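Start counting the sequence shown at 24; every next residue gets the next number (the numbering used here). For glycine and all other residues, C-beta sits at the position ideal for the given N, C-alpha and C. All values reported here derive from a predicted model rather than from experimental measurement. One structure below.
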Amino acid sequence: MEEKLPKFNVEITDDRLYDGARELISKIRPEWPLNRLSFKIFTDGITNRLIGVYLDPRNKHDMVLIRIYGENTDLFIDRNAECCNMRIMYKHGLSAPIYGTFLNGICYGYSPGRVLDEKLVRDPNISQLIAEKMAQMHTLKPMKTTISNIQKSPIQACLFRDMKKFIALVDSALPLKISTNKK
Numbered sequence: 024m025e026e027k028l029p030k031f032n033v034e035i036t037d038d039r040l041y042d043g044a045r046e047l048i049s050k051i052r053p054e055w056p057l058n059r060l061s062f063k064i065f066t067d068g069i070t071n072r073l074i075g076v077y078l079d080p081r082n083k084h085d086m087v088l089i090r091i092y093g094e095n096t097d098l099f100i101d102r103n104a105e106c107c108n109m110r111i112m113y114k115h116g117l118s119a120p121i122y123g124t125f126l127n128g129i130c131y132g133y134s135p136g137r138v139l140d141e142k143l144v145r146d147p148n149i150s151q152l153i154a155e156k157m158a159q160m161h162t163l164k165p166m167k168t169t170i171s172n173i174q175k176s177p178i179q180a181c182l183f184r185d186m187k188k189f190i191a192l193v194d195s196a197l198p199l200k201i202s203t204n205k206k
């Protein structure tokens, strides 16, 4: 049976970004002195905030990533499934470990590397590595339990279900406005 994923009673807000991150790190890495932590704010996200926390500036590979979910993203992202998938990927050497969740986010390990761009993905060596990892990922079997070890429904493909949910959200957020102005 899978070990239950820790859930920390911590909420991180914009006005408590660093204090909230310290509070979370005190639970994940209690041996790290809070007054010696370094922070890196990642700015490439669209909806989430991502903070990297590390102790030794010379060893950023031992970084803990703290992702603060964007407002209402839970309406179209199944966070439970996301955690399960992250755990499966880690178990098979395809991602960093997941340390736990908190009230409005998740924390996990850092995977060193470079962000791929158009030039890199066209490099034959890189594209071969990508293809190998994608093939490995697609051989994985889904877990039959959720992070709380309770399965509420049978495992099924979620692509079309999630697309319909997303379209419904877009429809409700952007109602069609018919112009009554006639020229």
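Do you know how far the Cα of residue j is from the Cα of residue i?
{"i": "residue 145", "j": "residue 180", "result": "30 Å"}
{"i": "residue 125", "j": "residue 33", "result": "6 Å"}
{"i": "residue 86", "j": "residue 74", "result": "10 Å"}
{"i": "residue 77", "j": "residue 44", "result": "11 Å"}
{"i": "residue 139", "j": "residue 54", "result": "34 Å"}
{"i": "residue 169", "j": "residue 98", "result": "With a pLDDT of only 46 at residue 169, under the threshold of 50, the placement of this residue in the model should not be trusted; the figure read from the coordinates follows. Their Cα atoms are separated by approximately 18 Å."}
{"i": "residue 130", "j": "residue 136", "result": "18 Å"}
{"i": "residue 188", "j": "residue 58", "result": "44 Å"}
{"i": "residue 39", "j": "residue 46", "result": "10 Å"}
{"i": "residue 192", "j": "residue 104", "result": "19 Å"}
{"i": "residue 35", "j": "residue 113", "result": "25 Å"}
Closer than 6 Å by C-beta to residue i: which residues in its own chain qualify, once you throw out the five before and the five after it? Chain order, please.
{"i": "residue 72", "result": "91"}
{"i": "residue 132", "result": "119, 120"}
{"i": "residue 128", "result": "90, 91, 92"}
{"i": "residue 108", "result": "none"}
Look up residue i in the DSSP assignment and give the residues it is bridged to.
{"i": "residue 30", "result": "124"}
{"i": "residue 72", "result": "91"}
{"i": "residue 132", "result": "87"}
{"i": "residue 77", "result": "61"}
Ends of the beta strand (DSSP E) at residue i?
{"i": "residue 111", "result": "That residue, residue 111, is in no beta strand (DSSP E); its alpha helix (DSSP H) goes 102-114."}
{"i": "residue 61", "result": "61-65"}
Whose C-beta lies closer than 7 Å to the C-beta of residue i among residues of the same chain, with five residues either side of it excluded?
{"i": "residue 80", "result": "61"}
{"i": "residue 134", "result": "118, 119"}
Apart from the five residues on each side of it in sequence, which residues of its chain come closer than 8 Å, Cβ to Cβ, to residue i?
{"i": "residue 69", "result": "93"}
{"i": "residue 122", "result": "29, 51, 87, 130, 131, 132"}
Please confirm whether residue i and residue j have their CB atoms less than 8 Å apart.
{"i": "residue 28", "j": "residue 106", "result": "yes"}
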